[in-house]
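Novice: In UniProt numbering, the protein residues as written are 1 to 355.
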């Protein structure tokens with residue numbers, strides 16, 4: 001199998017009615033945990049790296065880790081995705097490093113913190129899609145700014161996130177604008193704003209329709225039935241993971257994430273890519289805290305990183321099963337080469353369709 005483009009993977013997910021979790025990585029333990037979960041469940045998977053991860057681990061190291069995963073598990077289709085690219089240059093260097101998909105987040109300006117206007121977002125996103133599609137590479141765009149409907153604020157992810165407060169209108173993707181945006185940019189996937197946010201502290205209570213606007217997803221899917229939708233900030237922040245962290249010396253305030261059943265509702269309405277990072281961080285952190293507290297004399301990193309990796313593998317398996325990704329890898333068949341994907345883009349075969 002090996003590397004697959006986001007477009008081919010999400011087309012298959014739409015055909016077979018499943019969603020694909022997009023797990024962020026920064027290091028070897030995370031990469032192995034994701035791959036082990038995909039292998040155990042026969043799942044395709046999206047492994048993504050943010051600009052922060054690229055700075056932390058270096059593109060050369062990330063590329064070698066991705067190459068190693070594909071060599072160890074050659075039967076698993078893996079999409080290598082750039083999370084929250086802040087400009088064409090960032091996206092192009094990711095493609096040079098072997099990524100098969102990039103996100104051009106034009107909802108914010110290149111500084112990653114200033115909300116952008118329509119013309120900027122459309123212009124910069126179209127620049128990336130026009131260029132990336134020439135090489136068969138998939139592109140995800142974003143319309144609307146990711147942030148909390150409770151507070152009007154957003155959490156930063158690796159330095160990416162707006163400053164100050166925004167209005168409800170800015171924090172919700174307009175369905176009419178979504179149609180126009182997809183038509184003008186020809187993105188392969190669209191990340192929409194509907195009340196989710198980065199990090200663990202998404203909601204101060206169990207979310208309902210007032211603070212998690214799933215109706216926005218449903219309306220956009222009605223108008224763009226063939227466009228693959230993306231939910232960012234979709235960790236569920238399980239209570240048991242909060243409890244483990246706090247039991248072993250952590251100080252996490254009570255918080256709520258995106259319920260799995262709401263993500264499943266989204267999958268029924270066109271959501272094909274679901275971004276998850278915080279849950280995996282929490283799973284690993286809880287076990288590291290546990291080992292170091294129960295064995296204060298321990299200094300071998302393998303003794304706490306192995307259980308941390310196992311906890312993350314367990315979490316990834318749960319999400320792959322819950323999103324119906326499990327069992328889909330073997331159904332994909334032939335991986336379409338980038339040159340063939342480029343020809344499909346050039347022919348207009350993959351142009352957006354409006355309902």
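The beta carbon of each residue, even a glycine, is placed where N, CA and C say it ideally should be.
Are the CB atoms of residue 341 and residue 5 within a distance shorter than 7 Å?
Specialist: Counted from its first residue, the chain shown places residue 5 at position 5. Counted from its first residue, the chain shown places residue 341 at position 341. Yes, they are a contact pair.
Novice: State the DSSP-derived secondary structure class of residue 287, mapped to helix, strand or coil.
Specialist: Here residue 287 corresponds to residue number 287 of the chain shown, with the count starting at 1. Reduced to three states, the DSSP call for residue 287 is helix.
Novice: Do residue 140 and residue 356 have their beta-carbon atoms positioned less than 7 Å apart in this structure?
Specialist: No answer is possible for residue 356: it lies beyond the span of the chain, which begins at 1 and ends at 355.
Novice: Report the three-state DSSP secondary structure of residue 183 (helix, strand or coil).
Specialist: Counting from one through the chain shown, the residue named residue 183 turns up at place 183. Residue 183 falls in the helix class under three-state DSSP.
Novice: Do the stretch 311–322 and the stretch 128–144 touch if we need at least three Cβ pairs shorter than 8 Å?
Specialist: The stretch 311–322, when compared against the stretch 128–144, does not touch it at the 8 Å Cβ threshold.
Novice: By Cβ distance, which residues of its chain are closer than 7 Å to residue 308, with the 5 residues on each side in sequence left out?
Specialist: Here residue 308 refers to the residue found at position 308 when the chain shown is read from its first residue. Excluding residues within five positions, the ones whose Cβ falls inside 7 Å are 29, 284, 287, 288.
Novice: Which residue from 104, 149, 145 puts its Cα closest to that of residue 127?
Specialist: Here residue 127 refers to the residue found at position 127 when the chain shown is read from its first residue. Of the listed residues, the one whose Cα sits closest to residue 127 is 104.
Novice: Taking the alpha-carbon of residue 200 as reference, which of 166, 239, 223 has the nearest alpha-carbon?
Specialist: Taking the first residue of the chain shown as position 1, residue 200 is located at position 200. It is 239.
Novice: So the candidates are 74, 24, 68, 35; which of them puts its Cα closest to the Cα of residue 56?
Specialist: Sequence index remark: in the chain shown, residue 56 carries index 56 (1-based). Considering only alpha carbons, the answer is 24.
Novice: In its own chain, which residues sit with a C-beta less than 6 Å from the C-beta of residue 260, not counting the 5 before and 5 after it?
Specialist: Indexing the chain shown from 1 puts residue 260 at position 260. Answer for residue 260: 236, 322, listed in chain order.
Novice: With 16 as the cutoff for other CB atoms within 10 Å, does residue 337 come out buried or exposed?
Specialist: Mapped onto the chain shown, residue 337 falls at position 337. Exposed, by the Cβ-count rule.
Novice: In terms of alpha-carbon separation, which member of 250, 245, 174, 333 lies closest to residue 219?
Specialist: Reading the chain shown from its first residue, position 219 is the one you call residue 219. Closest by alpha carbon: 174.
Novice: Would you check if the stretch 323–336 and the stretch 101–121 touch, i.e. whether three or more CB-CB distances between them fall below 8 Å?
Specialist: The stretch 101–121, when compared against the stretch 323–336, does not touch it at the 8 Å Cβ threshold.
Novice: Using only the alpha-carbon positions, how far apart do residue 153 and residue 343 sit?
Specialist: One-based indexing of the chain shown puts residue 153 at position 153. One-based indexing of the chain shown puts residue 343 at position 343. Roughly 42 Å between the two C-alpha positions.
Novice: Does residue 83 pass the burial test, meaning 16 or more other C-beta atoms within 10 Å, or should it be called exposed?
Specialist: Taking the first residue of the chain shown as 1, we reach residue 83 at position 83. So residue 83 counts as buried.
Novice: Residue 220 by DSSP, collapsed to three states: which one?
Specialist: Residue numbering aside, residue 220 sits at position 220 when the chain shown is read from its first letter. DSSP places residue 220 in helix when its eight states are reduced to three.
Novice: Which ranges would you report for the beta strand (DSSP E) in the stretch 94–171 if only whole runs of at least 3 residues count?
Specialist: Fully enclosed beta strand (DSSP E) runs of 3 or longer: 101–104, 138–143.
Novice: Decide if the stretch 69–89 is in contact with the stretch 34–48; the criterion is three or more beta carbon pairs, one per stretch, under 8 Å apart.
Specialist: The answer is yes - the stretch 34–48 touches the stretch 69–89, with three or more Cβ pairs under 8 Å.
Novice: Should the stretch 6–18 be regarded as contacting the stretch 259–278, the criterion being three or more beta carbon pairs within less than 8 Å?
Specialist: They touch, by the three-pair rule.
Novice: Please list the terminal residues of the continuous alpha helix (DSSP H) segment that includes residue 300.
Specialist: Translated into the one-based positions of the chain shown, residue 300 becomes position 300. Counting along the chain, residue 300 falls outside any alpha helix (DSSP H), and DSSP gives it neither H nor E.
Novice: Give every residue of the same chain whose Cβ lies closer than 8 Å to the Cβ of residue 183, excluding the five residues on either side of it in the sequence, and list them in chain order.
Specialist: On the chain shown, residue 183 is found 183 positions in, with the first residue counted as 1. For residue 183, where only same-chain residues beyond five positions count, the Cβ hits under 8 Å are 352, 354.
Novice: Whose CA, out of 162, 3, 224, 146, lies closest to the CA of residue 212?
Specialist: The residue given as residue 212 occupies position 212 in the chain shown. The shortest C-alpha separation from residue 212 is found at 146.
Novice: According to the Cβ coordinates, are residue 196 and residue 233 closer than 7 Å?
Specialist: Translated into positions along the chain shown, residue 196 becomes position 196. Translated into positions along the chain shown, residue 233 becomes position 233. Yes. Within cutoff.
Novice: Drop a sphere of 10 angstroms on the beta-carbon of residue 295, count the other beta-carbons inside from all chains shown, and report buried for 16 or more, exposed for fewer.
Specialist: To locate residue 295, count along the chain shown from 1; it is residue 295. Answer is exposed; the Cβ neighbour count stays below 16.
Novice: Reducing DSSP to helix, strand and coil, say where residue 214 ends up.
Specialist: Here residue 214 refers to the residue found at position 214 when the chain shown is read from its first residue. The answer is helix: DSSP assigns residue 214 an H, G or I state.
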